[in-house]
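Asker:
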Amino acid sequence: MPTYDYECRQCGHRFERFQPMTAEPVKACPKCKGRVARLLSGGSGIIFKGSGFYHTDYKKNSAPTAPDKSRGKPADSGRTGPAE
Ligand SMILES: [Zn+2]
Numbered sequence: 543m544p545t546y547d548y549e550c551r552q553c554g555h556r557f558e559r560f561q562p563m564t565a566e567p568v569k570a571c572p573k574c575k576g577r578v579a580r581l582l583s584g585g586s587g588i589i590f591k592g593s594g595f596y597h598t599d600y601k602k603n604s605a606p607t608a609p610d611k612s613r614g615k616p617a618d619s620g621r622t623g624p625a626e
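In this note's numbering, the protein residues as written are 543 to 626.
(1) Quick check: what's the CA-CA separation for residue 554 versus residue 566?
(2) Let me check understanding here. Comparing Cα to Cα, which of 576, 610 and 623 lies closest to residue 550?
(3) Within 8 Å of any Cβ in chain C, is that where the Cβ of residue 623 sits?
(4) What is the DSSP secondary structure of residue 486, counted as helix, strand or coil?
(5) From this set, 548, 558 and 543, which residue's C-alpha is nearest residue 580's C-alpha?
(6) With distance defined between alpha-carbon atoms, name the residue in 552, 545, 572 and 574 nearest to residue 627.
(7) Residue 565 by DSSP, collapsed to three states: which one?
(8) Can you check which of these residues, 543, 609 and 557, is closest to residue 571 by C-alpha distance?
(9) Could you tell me if the beta carbon of residue 573 falls within a distance shorter than 7 Å of some heavy atom in ligand 1?
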């Protein structure tokens with residue numbers, strides 16, 4: 543359930559309401575019964591609205607990386623080091 547932030551237009555009182563999206567928005571300030579406005583910023587409920595984008599991001603990360611075969615072979619022809 544998302545948390546909604548409200549701010550009273552009358553007295554400036556700010557408060558939060560934990561309510562389902564289907565619930566009616568608060569209209570009256572609990573303090574002065576004045577008109578309140580719903581603030582859309584900072585509500586975690588809005589951010590999670592687009593579920594799924596996180597998933598695709600994860601997929602992209604775990605994409606199989608092809609082994610680099612086209613790397614040039616080191617010029618290693620026989621042992622040239624000192625004999626033991
Ligand atoms: Zn108020």
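By construction, the Cβ of each residue, glycine as well, lies at the ideal position given by its N, Cα and C atoms.
Answerer: Taking the geometry as given:
(1) Within the sequence shown, residue 554 is the residue found at index 12, counting from 1. Within the sequence shown, residue 566 is the residue found at index 24, counting from 1. Answer to the nearest angstrom: the Cα atoms are 21 Å apart.
(2) Locating residue 550 in the sequence shown gives position 8, where the first residue counts as 1. Residue 576 is the option with its Cα nearest to residue 550.
(3) Checking the listed chains, one finds no chain C in this structure; it contains a single protein chain.
(4) Coverage of the chain is limited to positions 543 through 626, which leaves residue 486 absent and any answer about it impossible.
(5) In the sequence shown, the residue the question calls residue 580 occupies position 38. Comparing Cα positions, the closest option is 548.
(6) Because the chain is modelled from 543 through 626, residue 627 falls outside the range shown and cannot be assessed.
(7) Start at 1 with the first residue of the sequence shown, and residue 565 comes out as number 23. Coil.
(8) Residue numbering aside, residue 571 sits at position 29 when the sequence shown is read from its first letter. The option with the nearest alpha carbon to residue 571 is 557.
(9) Taking the sequence shown and counting its residues from 1, one reaches residue 573 at position 31. Answer for residue 573: yes, Cβ within range of ligand 1.
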